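Numbering-wise, numbering that gives the first Met the number 0 puts 94 at position 95 of the sequence shown, and it's gapless, one number per residue.
Ideal placement from N, C-alpha and C gives every residue a C-beta, glycine not left out.
Here the structure is a predicted model, which is why all the values come from computation and not from measurement.
What follows is a short report on a single structure.
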Amino acid sequence: MKSPAHRTRDIERQAGYLRPEHCAPPPLRYGSDTMWFIRDGCGIVCGVITWFLVFYAEFVVVFVVLLPAKSVIYSLFNGLIFNALGVLALASHAKAMCTDPGAVPKGNATKEFIESLQLKPGQVVYKCPKCCSIKPDRAHHCSVCKRCIKKMDHHCPWVNNCVGESNQKYFVLFTMYISLISFHALILVAFHFVFCFEEDWTKCSNFSPPATVILLILLCFEALLFLIFTAVMFGTQVHSICSDETGIEQLKKEERRWAKRSKWMNLKVVFGHPFSIAWLSPFATPDHGKADFYQYIV
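Quick look at the structure:
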């Protein structure tokens with residue numbers, strides 16, 4: 000029998016679908032160092048393709064463009080920048096893929112756990128019928144991850160994970176570094192074509208002229224495609240962070256029920272307090288500041 004101190008509501012308004020007595024006790028919480036990985040075939044393939052394309056760009060830039068160049072300083076300078084961006088892009092991708100995006104504990108919608116929350120009279124607890132968990136405000140259920148994700152923006156197959164409260168920084172850095180490395184590759188290829196038109200093609204590459212042209216054209220196509228895609232995604236993510244409105248909330252045009260903060264504060268919530276060079280590092284875990292673990296709709 001439900002306690003008169005609070006009411007429970009199924010998120011899909013199917014009261015008979017989810018019963019607290021049918022939910023398993025909430026699982027033990029593991030440390031933040033526990034690796035998160037989604038076993039989704041499409042996502043795994045997309046992740047492998049992403050790494051393959053980055054390594055392909057590295058191969059063409061290093062062995063086709065930079066090593067045959069006459070200037071050692073030109074090769075070292077651009078090689079250092081390009082490889083640094085490549086490492087940062089792949090590190091950001093790995094962190095975005097293997098970081099818990101903010102999953103709500105599964106099966107915590109038990110009668111005992113709800114009573115332990117000591118909710119005030121009139122408070123409404125939303126519950127997800129799919130993963131049998133209490134649904135915090137601004138959380139959405141992901142059919143691929145099979146979990147409710149706090150501040151879920153979207154599920155991205157390219158990182159084989161949801162973009163949510165805890166890994167949005169890494170996803171933004173991934174899109175930024177991929178767009179930068181793509182732009183750098185286009186510039187290097189353009190300079191290489193200019194230099195090769197003035198020289199004998201056999202002297203400006205360690206490969207045959209047809210093979211060199213094919214490798215450079217494929218790299219141009221890849222770089223241009225991913226530059227456009229990731230630059231647009233980066234801008235969309237920054238706008239979403241500054242406006243403090245996730246992609247799902249914008250798509251569903253959900254009513255704003257949360258406190259409004261400044262754009263600078265919203266950036267610090269995602270990238271960490273306070274502002275530092277660590278904002279640009281995928282190896283630094285952001286401090287999201289003080290926030291309630293659960294935020295319930297009243």
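Exposed is the label assigned to Met264, since fewer than 16 other Cβ atoms lie within 10 Å of its Cβ. Arg260 counts as exposed, since fewer than 16 other beta carbons sit within 10 angstroms of its beta carbon.
Checking the DSSP bridge columns, you'll see Ala93 has no partner listed. Here the segment 138 to 148 makes contact with the segment 97 to 108; the two share three or more CB pairs at distances below 8 Å.
The alpha-carbon of Val158 is positioned some 23 Å away from that of Cys219. Rounded to whole angstroms, the Cβ separation of Cys241 and Pro156 is 25 Å, and the two are not in contact under 8 Å.
With a threshold of 16 other beta carbon atoms within 10 Å, Pro135 meets it and is buried. For Asn265, the uninterrupted alpha helix (DSSP H) run begins and ends at 262 to 270, by DSSP. Nearest in C-alpha terms to Val61, of all of Gly42, Phe81, Phe228, is Phe81.
Annotated three-state conformation of Ser280 is coil, per DSSP. The secondary-structure analysis by DSSP pairs Lys149 across a beta bridge with Ala138. The beta-carbon distance between Val123 and Ile133, rounded to whole angstroms, is 11 Å. This is too long to meet the 8 Å contact definition. Under the 8 Å Cβ criterion, the segment 204 to 218 does not count as touching the segment 227 to 239, having fewer than three qualifying pairs. For Val162, the enclosing beta strand (DSSP E) starts and ends at 160 to 162.
Each residue's CA atom was taken as its position, placing Phe51 and Glu57 some 10 Å apart.
Check the Cα spacing between Ile43 and each of Ala93, Leu172, Leu75: the tightest is with Ala93. A residue is called buried when at least 16 other Cβ atoms come within 10 angstroms of its Cβ; Pro120 does not meet this threshold and is exposed. With the rule of 3 Cβ pairs closer than 8 Å, the segment 104 to 114 does not count as touching the segment 173 to 180.
Tyr169 counts as buried, since no fewer than 16 other beta carbons sit within 10 angstroms of its beta carbon. Assigned with DSSP and collapsed to three states, Cys155 falls in strand.
Of the other Cβ atoms in all chains shown, fewer than 16 fall within 10 Å of the Cβ of Gly40; this residue is therefore exposed. The shortest CA-to-CA distance from Phe225 to any of Cys195, His153, Arg38, Ile48 is the one to Ile48.
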